[in-house]
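A short worksheet on the structure shown next.
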Amino acid sequence: MKFLLTLSLFFSFIVSPLLAQKKNEQYQLHISRATSPIVIDGSVDEQAWQAAEVATDFWMVLPMDTSRAKVRTDVRMAYDDHNMYLSAVCYHGNVQGPYIVESLRRDWAFGKNDNFIFFMDTFDDQTNGFTFGTNAAGAQWDGLLYEGGKANLSWDNKWTSSVRNYPDRYVLELAIPFKTIRYKRGISRWGINFSRQDLKTTEKSSWTPIQRQFPTASLALTGVLVWDQPPPQPGPNISLIPYMLSGVTRDYQQNTPNKSRFDAGLDAKVAVTSSLNLDLTVNPDFSQVDVDQQVTNLDRFELFFPERRQFFLENGDQFTNFGYATIRPFFSRRIGLGGVPIRFGARLSGKLNKDWRLGVMDMQTGRVEDMGPGVEALPAQNFAVLALQRRVSARSNIGMIFVNKESLSYRPTSDKPAYTRYNRNLGLEYNLASANNFWSGKALYVKSFSPNQSGEDAVYAANLQYNTRRWLISGQLESVGKNYTAEAGYVPRRGYERALATVGYTFLPTGSRVLSHGPTVTSTYFFDPAGRQSDNESYLSYIVTFRSKSVFTGWIATDYVRLLQPFDPTNTGRQTLATGTEHRWTAWGTNFTSKPQSVFTYGFSSRYGGYYGNGTRLNLAADIGYRFQPYVSLAASANYNDIRLPQPWGQTTFWLVGPRFDVTVTNTLYLTTFVQYNEQQKNMNVNARVQWRYKPASDFFLVYTDNYLPNSAQIGQDVPGFFSVKNRALVLKWTYWWNI
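Residues -20 to -1, 1 to 720 (mature numbering (1 follows the signal peptide of the UniProt record, and there is no 0)) make up the sequence shown, in order.
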């Protein structure tokens, strides 16, 4: 605790002169009740739009952030008793040609589409909010904003939009129900900003001025949306989201017959207040979640895959983002995956007032009788989380979290694998964010509690970062006890101390094809509990960004590793290197991403140099894409590794190949086919999904999945057959969003 308080006082001393008034306070847009009905059709000829105030004369963010935008955008807003409305007229620039989009698929990549999006800070706290928008073809974008400007696009909710294209412009209209968003009763000033991307002119612009090193989503840099009166209260706000699912699976490897299934469940969203939401779920199913993209794993520690399940997303940052990327006391993907059923759950989350946020969640999983060969029954488990956050100064906050994982009605026995009866984490953190967005940081303390375990079971960590137009300077310290345990979290490494420093500088030439360039140096040191160095990586990179938005990076790195446990350097289940052995090497590499304006895009990366055991590793990766806009998007990626080590490993090579095929018939009907061949894991996966959004936030899904036997795709191998199926599944799912 002394550590945390000391760092908090230090941070406050460093940045207290910078905690001033909101930077873009003078940019204000007044929103009034609509003077006539508004029809969402991509036309702005209603009287209500003619009477609305206009936000225009945007600022350029890229390629330069010192002048007004050359591409004109006009934005208007209005409201009625049920919806907030926005229209944007996006004029074309002085470069001829059609608009540029990937497809009509939702939540597209910002950098690859002509688009308009906007950001709302509905509590005017510069920390959390919402984002909505469309690309030039009408594909929707929506997400939750957290940590001052990061967007979680996995969030999905109920709203409508329309886009209409004209020879000199495209026009979009949006209607966002007040029941879709969260805001505090009586507040008549929201943070607001509008962002426009025009790829033909390579211009990104913003209503308020934003320096180029910051995203346009930065809530510290929003203007002010001034309501003529506080926004209407949405009234009773209860949403029921039932689902029904039918499917058939078969395990060909075990030669079992077809197994059919039928499931039904219910999610409910209850607005306790306009800013506090209660989520309930009974027998949930997450079949619509995208398949995780496979990666080549040559790491000694567990990999991280993000949460995409809707139930866990709203206000999920307060739970999952407590801590650091590799020190998370709570990680919701620990709940209900891998065949473990979720019986029911509840979550209360949101704002108590402008300064306080609350998150309470409880999830109950069912008992599993058999999880596969070598694993006995898993007991029913309960996951409970309490998170509380208090804003201090302009944008900083202090947060607390308590996580409890409990095995119910469980007593370990000597003849079965033992599961922990409980694991608890109690943590406190201070999050720093200065008003001018230059300074950010965190100080963290977490302690775990487990049966028959005490001592060296805590985490201490802190970081501080300074980021301006030219300079990036940051430092971080971590100490994780060897007995610290977060069974409901993500902490891939324990028993270490870490020091990390980064310094980067950006040159900003004028009048050239290069937009920016500059070096970045990062050095990381790990120490074991005895204070001896166990790892070090020093990394020097040089990044060149062109005005066309293509990017080239070259880098060189030196590594040192002293193994603290046995490790197979190929991660293929072969012989391991011994604990205590030391390994040093130097490697270099490149990365390139082509300009997104072309219908044909490509990128590549390379890595060559030393490796464990005085070996060498060559890694080549490439991805290509072609679009028949806006209906078809084709993409393919390939990753090749050639690892050469002394015997008994010798030479090891493996491919990871992943073509993807997207057909978007309309912005509500999608077909996605994703193929992944992972030679390292000896698996080939095919996942095809049809999604029809027949009403806002209501869907039909048809999902087909195949997994193939090892080496079955290699002609001439002694296998049961060419493309022999390991297992197969076909699932049909229906969901409906019903507002009461």
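From the three backbone atoms N, C-alpha and C, an ideal C-beta is built for every residue, glycine too.
- With respect to the 8 Å criterion, Phe194 and Phe98 are not classified as neighbours on the basis of their beta carbons.
- With 16 or more neighbouring CB atoms inside 10 Å of its own CB, Asn658 falls in the buried class.
- Within its own chain, the residues whose Cβ lies closer than 6 Å to the Cβ of Thr570, once the five positions on either side in sequence are excluded, are Gly534, Ser586, listed in chain order.
- In this structure, the alpha-carbon of Ser430 lies about 20 Å from that of Gln344.
- Within the same chain, Cβ atoms closer than 7 Å to the Cβ of Lys706 are found at Tyr232, Gln233, Asn687, Tyr688, Leu689, the five residues on either side in sequence being excluded.
- When beta bridges are read from the DSSP output, Ile523 appears opposite Gly498, Thr533.
- Boundaries for Thr300: no beta strand (DSSP E) harbours it, while the alpha helix (DSSP H) harbouring it runs 297 to 300, taken from the DSSP string.
- The closest CA to that of Pro147, considering only Arg337, His72, Val643, is found on His72.
- In this structure, Ser428 lies near Thr465, with their beta-carbon atoms less than 8 Å apart.
- About 18 Å separates the Cβ atoms of Leu154 and Tyr79, ruling out a contact at the 8 Å cut-off.
- It is roughly 13 Å from the alpha-carbon of Thr111 to the alpha-carbon of Asn95.
- With respect to Thr202, Asn377 sits apart: the two C-beta atoms are not nearer than 8 Å.
- Along the segment 135 to 198, the beta strand (DSSP E) occurs as fully enclosed runs of 3 or more residues at 140 to 146, 149 to 157, 169 to 178, 183 to 186, listed in sequence order.
- With 16 or more other Cβ atoms from the protein chains shown falling within 10 Å of its own Cβ, Asp642 counts as buried.
- Look at the segment 275 to 355 and you find these whole runs of alpha helix (DSSP H), each 4 residues long or longer: 297 to 300.
- From the listed residues Thr648, Gln660, Gly129, the smallest Cα separation to Thr552 is found for Gln660.
- The DSSP-derived three-state label of Ala466 is coil.
- At the C-beta level, Asp21 and Ser185 stay beyond 8 Å of one another.
- The shortest CA-to-CA distance from Ser492 to any of Val524, Leu520, Asp342, Phe681 is the one to Val524.
- Just so you know, the alpha carbons of Ser613 and Arg144 end up roughly 21 Å apart.
- Gln106 carries a coil assignment under DSSP once its states are collapsed to helix, strand and coil.
- Ala35 is positioned such that its CB atom lies closer than 8 Å to that of Val55.
- Counting only the Cα atoms, Phe311 lies some 13 Å from Leu283.
- Across the structure, Ser23 and Val151 are spaced so that their CA atoms are roughly 7 Å apart.
- Comparing alpha carbon positions, the residue from Asp87, Pro286, Ile322, Gly303 closest to Val348 is Ile322.
- Residue burial annotation: Trp635 is exposed, with fewer than 16 other C-beta atoms found within 10 angstroms of its C-beta.
- Rounded to the nearest whole angstrom, the C-alpha separation of Gly630 and Arg624 is 6 Å.
- Phe103 counts as buried, since at least 16 other C-beta atoms from the protein chains shown sit within 10 angstroms of its C-beta.
- In chain order, Pro210 place their CB closer than 7 Å to the CB of Gly166, counting only its own chain and leaving out the 5 sequence neighbours on each side.
- Trp451 is bridged by DSSP to Tyr485.
- Taking a C-beta distance under 8 Å as the contact criterion, Pro472 and Thr300 do not qualify as a contact pair.
- Annotation for Ala360: no beta strand (DSSP E) segment contains it, and DSSP assigns it neither H nor E.
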